[in-house]
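I have placed the structure first, in the form of structure tokens, so that the comments after it can refer back to it.
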Amino acid sequence: MAVLALAIGALGATAPAATALPLGVPPARTLCGGDGAGIGMIAAFYDPDRNYSGVPTLWIHPEFVFAPDRPGGSCGVTVTVSWRNSDTGVFGTLPPIWLDDRTPAEENVAGSWIPVGIPAGLGRVEVLIATDSPHVPGKGVFVVT
7 MAVLALAIGA LGATAPAATA LPLGVPPART LCGGDGAGIG MIAAFYDPDR NYSGVPTLWI
67 HPEFVFAPDR PGGSCGVTVT VSWRNSDTGV FGTLPPIWLD DRTPAEENVA GSWIPVGIPA
127 GLGRVEVLIA TDSPHVPGKG VFVVT
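Start counting the sequence shown at 7; every next residue gets the next number (this note's numbering).
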């Protein structure tokens with residue numbers, strides 16, 4: 007019993023605070039269009055220390071490649087982010103955003119992350135990232151404190 011208490015205490019002592027670390031949201035995997043056909047993902051993360059204008063912010067980033075490779079082309083999709091605060095029941099869908107990478111042969115060289123304000127308030131927030139092309143949505147949960 008003492009060993010179990012010691013093990014639980016050690017886990018509690020070494021676990022980082024949940025609000026101190028950025029939280030990755032599994033990306034949406036998608037086909038994309040533009041100058042041709044491509045594949046890619048919409049990566050996302052939530053960082054409680056990087057809220058934009060005081061609003062909980064999901065940071066999204068497109069990463070696309072052409073299939074086959076087409077240097078100089080562009081590939082993109084319209085992205086929709088839906089959210090629900092599972093503690094309060096508040097939910098919504100943000101206006102669609104067009105994202106492309108302008109660098110189809112490489113992973114978004116510019117490295118630009120786009121802030122998306124989620125007006126969910128405090129609590130456990132579920133997000134869903136979808137596109138207007140065939141895709142597997144990105145889904146994640148983070149806590150706003």
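All residues carry an ideal CB built from backbone N, CA and C; glycine is no exception.
These numbers were taken from a predicted model, which means no experiment stands behind them.
Please name the residue, chosen from the options, that lies closest to residue i on a Cα-to-Cα basis.
| i | options | result |
| --- | --- | --- |
| Arg56 | Leu29, Ile45, Phe72 and Ala34 | Leu29 |
| Leu64 | Val142, Val131 and Thr94 | Val131 |
| Val122 | Phe51, Leu37 and Gly46 | Phe51 |
Taking its Cβ as the centre, do 16 or more other Cβ atoms sit within 10 Å of residue i, making it buried, or is it exposed?
| i | result |
| --- | --- |
| Gly127 | exposed |
| Trp89 | buried |
| Gly15 | Low confidence applies here, because Gly15 scores a pLDDT of 38, under 50, leaving its location unreliable; read the following figure in that light. The residue in question, Gly15, is exposed, as its Cβ has fewer than 16 Cβ neighbours within 10 Å. |
| Thr137 | buried |
Tell me whether residue i sits in a helix, a strand or coil according to DSSP, three-state version.
| i | result |
| --- | --- |
| Ala8 | Below a pLDDT of 50, predicted positions are generally treated as unreliable, and Ala8, at 42, falls in that range; the measurement from the model is reported next regardless. Looking at Ala8 - three-state DSSP - the assignment turns out to be helix. |
| Val96 | coil |
| Arg56 | coil |
| Pro143 | coil |
Start and end of the beta strand (DSSP E) containing residue i?
| i | result |
| --- | --- |
| Ala50 | Gly44 to Tyr52 |
| Asp106 | Ile103 to Asp106 |
| Ala136 | Gly129 to Thr137 |
For residue i, list the residues DSSP reports as bridge partners.
| i | result |
| --- | --- |
| Ile66 | Ala50 and Ile120 |
| Thr84 | Trp104 |
| Thr36 | Gly46 and His141 |
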